[in-house]
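Below: the structure, in structure tokens.
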Amino acid sequence: MVCFFVKDPIRVIEDKLRLLGLAKPSLTPKQAVQATSQGLRFYRAVCEDVNGRKVFFKCLLVRERGIKNRFLNEIGFLKTVSEHPGHPLFEMVPKVFDYSLSPTFPYIVCEFIRGASRVSEDRFSNSEIVKIARILRTIHTSPFHIFRFIPSSPLFGYHFLQQRLKTFLRNPLVESKLKEKTKKFICKERRILRNRKRIVKLTHGDFSEANLMFYKEDIKVIDWEHVHLRNPLYDLADFWIKRKNHREEQRLLVKEYFKGISKESYQALFRLAIVEICLRDLVFFWKILKLPRGKEFKEKMQNEARAYIAILEDTLREK
């Protein structure tokens, strides 16, 4: 049974839209509430404001602490960027027109971003990969001291990765030999991991094809719920792994990202980021495969798990 964020979500959202002067929502609150049984966690709608301008409205539907904190994280981040026109990310993210950080009913009204996202099967042109590499560089080199994150501590470090490792070591999808190699690698890199305050940078946290909006020659980045301080190469590694079926894109992405930078000095951080993401996603596949799902879906997840195991094995080989 779904536990809604407020007692009468349809009425509360309708009242909020009316109060904000937002009309003609692309999805009605009633339709969204009905979709929560299929896993919908947010109400998202394109609306018209009092001037007839298209805007994007987003609020919570369900009561889940982790999701609420991530949403508050996103609102706080986007409104802070909007308040600082000189910030390097100002032109890359949606502008905020209204918001509430109230824990009782957080919401955001922001710029409607034109365009379309992609899926993992889509191909990117060379010029698009170059732009994506530059976006990643811009995110990771942007000043971050103006932001406040939830949780406040960086999502990086020896203790943080040890917690990930603890769950990973119980994963039956992975052979014990690879588990031991992973454990040794993390221990070997503990000097870097314990120096987290000097290393961490701003990261999107879910940098994927689905969170990039393409319109003409422009690319904007959306869905900043997971924004935080992490390994500076976390987003690069995450997107690199997601393009695992397109090797030429992977090569160009890394080449462009490290243009003018000594790649060797970042090699350990890149490998650490790949290992961290593989640990996270292999645990996710393990949990998903325990659920009652169809044969076709389970085969797809097993193939994904095998691909991630291969990436992890290759990353842990002596370079």
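Residue numbering for the sequence shown follows my numbering, beginning at 1189 and increasing consecutively. Glycine included, each C-beta is placed from N, C-alpha and C at the ideal position.
Query                                                                                                  : Result
Spatial distance of cysteine 1191 from proline 1217 (CA atoms)                                         : 16 Å
Same chain, Cβ closer than 7 Å to valine 1194, five either side skipped, listed in chain order         : Val1200 and Phe1293
Within 8 Å, strictly: CB atoms of alanine 1220 and leucine 1249                                        : yes
Supposed close pair isoleucine 1317, glutamate 1437 - CB separation, criterion 8 Å                     : 6 Å
Identity of the residue in Leu1477, Ser1308 and Leu1277 nearest phenylalanine 1332 by Cα               : Leu1277
Beta-carbon proximity list for threonine 1503, same chain, < 7 Å, skipping 5 on both sides             : Arg1459, Ile1462 and Val1463
Euclidean distance between Cα positions of glycine 1345 and proline 1360                               : 25 Å
Beta-bridge partners of arginine 1418, as assigned by DSSP                                             : Lys1389
Residue interval of the alpha helix (DSSP H) (run including valine 1307)                               : No alpha helix (DSSP H) holds valine 1307; DSSP gives it neither H nor E.
Distance between beta carbons of arginine 1352 and leucine 1467, contact taken as under 8 Å            : 5 Å
Beta strand (DSSP E) segments (min. 3 residues) lying fully within the region 1195-1273                : 1230-1236 and 1242-1248
Within 8 Å, strictly: CB atoms of arginine 1232 and leucine 1208                                       : no
Exposure of threonine 1329, with buried meaning 16 or more beta-carbon neighbours within 10 Å          : exposed
Residue nearest to lysine 1408 in terms of C-alpha spacing, selected from Leu1343, Arg1386 and Ala1321 : Ala1321
Arginine 1378 to tyrosine 1295 span [Cα, whole Å]                                                      : 40 Å
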